[in-house]
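Report on the structure given below.
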């Protein structure tokens, strides 16, 4: 259970729902299958300005849904994992 | 997949230095430990270590960008207390190959990690500032080669110059990987003010300033100095925040915000639901809590990026012309 109130898709305003759709579409494009918005972004759903930031965050990270960041000598996903590990982050 | 089998993934999860993975990957893990925990101690030598294992400056710029963004994600994950995808039924989530390593919060809450000694590192930072001053401008533009060209760079420069009258050194320093400019610019835009009606501009400025102080990020000191001046009219100045920001809290709300900012910067994995309740207890609602943790998370992500790029501060604060005009107007009213 999250520490604060979360606004999920079904309770979202039109603009917030649009942001949800955008993030989901980006992840779905990355993985080639329908993917709901990951839990981590929902923590910011109370404030639309930050949730819309998350759309830009995912768009940049994934190069608009075209890059899973799994390729290359040091894949971006490996960097992400290393940061999580050193941050002792459960996510 | 990055690694060929589950056993390698598990080994990396336990101790990357002992796992059967490329030496470059091990070097990256060592470097990112500094990025996360002691970025103020970063040096050009750290990047030489990566280059020695075959990383190009373009690779390093991409790694720095990804690390910066992940700092934001781990911060909001811990602060929000959201469940793991694996804890939800039928989540249909996209899982990475590392997802099987995810532990629940209690695994990390019981850890007794040592926070870097702030006062000692503050002394080292002063020494670093002295070295930079001795080296002159040659050391001010970062430790990566920066092509400063291309469509993405030019678009970012146009936008930045309209806001600040210059292209920030932070942006130029990562021009070898220009994918992330829209994110970094938006982060700077968001950091200028609160985004909830329940968090006052002064509390927001305190959260931001405390983060920069705790990250010991010299790059943002001029920005924070002006930001605090605008909000506190000299009553609180940046040096007052060092080395313990919460020591200058003047009321319950400042105490809660500063203590939370410190926890989120230093020990995010120890955040529990009582931290959010602490906000409510002093009259700050969930929106204010989200505002504070996003402010800290965004600032943290930029602080560590700047520290590990080795950039010196710009010739003016990274506050928009609109913000600066409002600051000047307020100052004139005060003296008028």
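Residue numbers (the numbering used here), protein chains in the order written: chain A, 13 to 103; chain B, 79 to 414. Even for Gly, the Cβ is constructed at its ideal location relative to N, Cα and C.
Can you find the residues in the same chain that come closer than 7 Å, C-beta to C-beta, to residue i, ignoring five residues on each side of it along the sequence?
| i | result |
| --- | --- |
| residue 373 of chain B | 269, 282, 285 and 286 |
| residue 221 of chain B | 122, 125, 387 and 388 |
| residue 302 of chain B | 286, 287, 290 and 316 |
| residue 101 of chain B | 131 |
| residue 59 of chain A | none |
| residue 44 of chain B | Since the first and last residues shown for chain B are 79 and 414, residue 44 of chain B lies out of range. |
| residue 27 of chain A | 60 |
| residue 140 of chain B | 255 |
| residue 271 of chain B | 279 and 282 |
| residue 228 of chain B | 256 |
| residue 351 of chain B | 159 |
Taking the straight line between their C-alpha atoms, what separation do you get for residue i and residue j?
| i | j | result |
| --- | --- | --- |
| residue 115 of chain B | residue 98 of chain A | 8 Å |
| residue 170 of chain B | residue 411 of chain B | A caution first: residue 170 of chain B carries a pLDDT of 46, below 50, which makes its placement in the model unreliable, though a value can still be read off. For residue 170 of chain B and residue 411 of chain B, the distance between alpha carbons rounds to 57 Å. |
| residue 381 of chain B | residue 257 of chain B | 19 Å |
| residue 345 of chain B | residue 151 of chain B | 14 Å |
| residue 16 of chain A | residue 338 of chain B | 15 Å |
| residue 70 of chain A | residue 76 of chain A | 8 Å |
| residue 310 of chain B | residue 323 of chain B | 15 Å |
| residue 39 of chain A | residue 413 of chain B | 53 Å |
| residue 319 of chain B | residue 276 of chain B | 23 Å |
| residue 72 of chain A | residue 65 of chain A | 11 Å |
| residue 153 of chain B | residue 278 of chain B | 22 Å |
| residue 25 of chain A | residue 31 of chain A | 10 Å |
| residue 93 of chain A | residue 408 of chain B | 45 Å |
| residue 329 of chain B | residue 314 of chain B | 13 Å |
| residue 358 of chain B | residue 231 of chain B | 43 Å |
| residue 406 of chain B | residue 108 of chain B | 45 Å |
| residue 295 of chain B | residue 267 of chain B | 18 Å |
| residue 390 of chain B | residue 78 of chain A | 34 Å |
| residue 43 of chain A | residue 347 of chain B | 29 Å |
| residue 148 of chain B | residue 371 of chain B | 15 Å |
| residue 103 of chain B | residue 364 of chain B | 40 Å |
| residue 159 of chain B | residue 219 of chain B | 38 Å |
| residue 379 of chain B | residue 343 of chain B | 10 Å |
| residue 20 of chain A | residue 127 of chain B | 45 Å |
| residue 396 of chain B | residue 62 of chain A | 20 Å |
| residue 46 of chain A | residue 22 of chain A | 17 Å |
| residue 392 of chain B | residue 119 of chain B | 20 Å |
| residue 398 of chain B | residue 300 of chain B | 13 Å |
| residue 369 of chain B | residue 98 of chain B | 42 Å |
| residue 333 of chain B | residue 366 of chain B | 14 Å |
| residue 117 of chain B | residue 246 of chain B | 20 Å |
| residue 240 of chain B | residue 384 of chain B | 22 Å |
| residue 101 of chain A | residue 244 of chain B | 36 Å |
| residue 95 of chain B | residue 236 of chain B | 43 Å |
| residue 57 of chain A | residue 273 of chain B | 12 Å |
Who pairs with residue i in a beta bridge, going by DSSP?
| i | result |
| --- | --- |
| residue 219 of chain B | B:389 |
If I measure Cβ to Cβ from residue i and keep anything under 6 Å in the same chain, skipping five residues before and after, which residues do I get?
| i | result |
| --- | --- |
| residue 215 of chain B | With a pLDDT of only 45 at residue 215 of chain B, under 50, the local geometry of the prediction cannot be trusted, and no value is derived from it. |
| residue 88 of chain A | 81 |
| residue 81 of chain B | 87 |
| residue 305 of chain B | 283 |
| residue 253 of chain B | 224, 225, 226 and 231 |
| residue 197 of chain B | Bear in mind that the predicted position of residue 197 of chain B carries a pLDDT of just 47, short of 50, making it unreliable; the figure below should be weighed with that in mind. Result list for residue 197 of chain B: 321, in chain order. |
| residue 65 of chain B | The structure shown does not extend to residue 65 of chain B, since chain B is modelled only from 79 through 414, so no value can be given for it. |
Considering only C-alpha positions, which residue in the set the options is nearest to residue i?
| i | options | result |
| --- | --- | --- |
| residue 143 of chain B | B:158, B:403, B:110 and B:126 | B:110 |
| residue 33 of chain B | A:59, A:51 and A:47 | For residue 33 of chain B there is no data in the structure shown, the boundaries of chain B being 79 and 414. |
| residue 331 of chain B | B:321, B:347, B:354 and B:312 | B:354 |
| residue 224 of chain B | B:280, B:364, B:137 and B:90 | B:137 |
| residue 325 of chain B | B:108, B:292 and B:229 | B:292 |
| residue 135 of chain B | B:251, B:145 and B:156 | B:251 |
| residue 91 of chain A | B:157, B:146, B:160 and B:158 | B:146 |
| residue 375 of chain B | B:156, B:118 and B:356 | B:156 |
| residue 308 of chain B | B:341, B:299, B:401 and B:321 | B:401 |
| residue 360 of chain B | B:335, B:92, B:120 and B:112 | B:335 |
| residue 84 of chain A | B:92, B:79, B:395 and B:312 | B:79 |
| residue 264 of chain B | A:100, A:68, A:41 and A:53 | A:68 |
| residue 298 of chain B | B:90, B:312 and B:377 | B:377 |
| residue 394 of chain B | B:273, B:242, B:91 and B:356 | B:242 |
| residue 86 of chain A | B:112, B:105 and B:113 | B:105 |
Quick one: residues in its chain with C-beta nearer than 8 Å to the C-beta of residue i, no 5 flanking neighbours on either side, listed in chain order?
| i | result |
| --- | --- |
| residue 83 of chain B | none |
| residue 55 of chain A | 14, 16 and 18 |
| residue 37 of chain A | 77 |
Just checking residue i against the ligand GTP - is the residue's beta carbon closer than 7 Å to any of the ligand's heavy atoms?
| i | result |
| --- | --- |
| residue 76 of chain A | Questions concerning the ligand GTP fall outside what the structure shown contains, since it holds no ligand whatsoever. |
Exercise. Which full runs of the alpha helix (DSSP H) of 4+ residues lie inside the region 296–322 of chain B, going along the chain?
Worked result: 299–310
Exercise. Enumerated in chain order, which unbroken segments of the alpha helix (DSSP H) with a length of 4 residues or greater are wholly contained in the region 105–137 of chain B?
Worked result: Within the region 105–137 of chain B, the alpha helix (DSSP H) runs of at least 4 residues that lie entirely inside it are, in chain order, 122–130.
Exercise. What are the uninterrupted segments assigned as alpha helix (DSSP H) that are 4 or more residues long and contained completely in the region 326–411 of chain B, given in chain order?
Worked result: 330–344, 351–359 and 364–387
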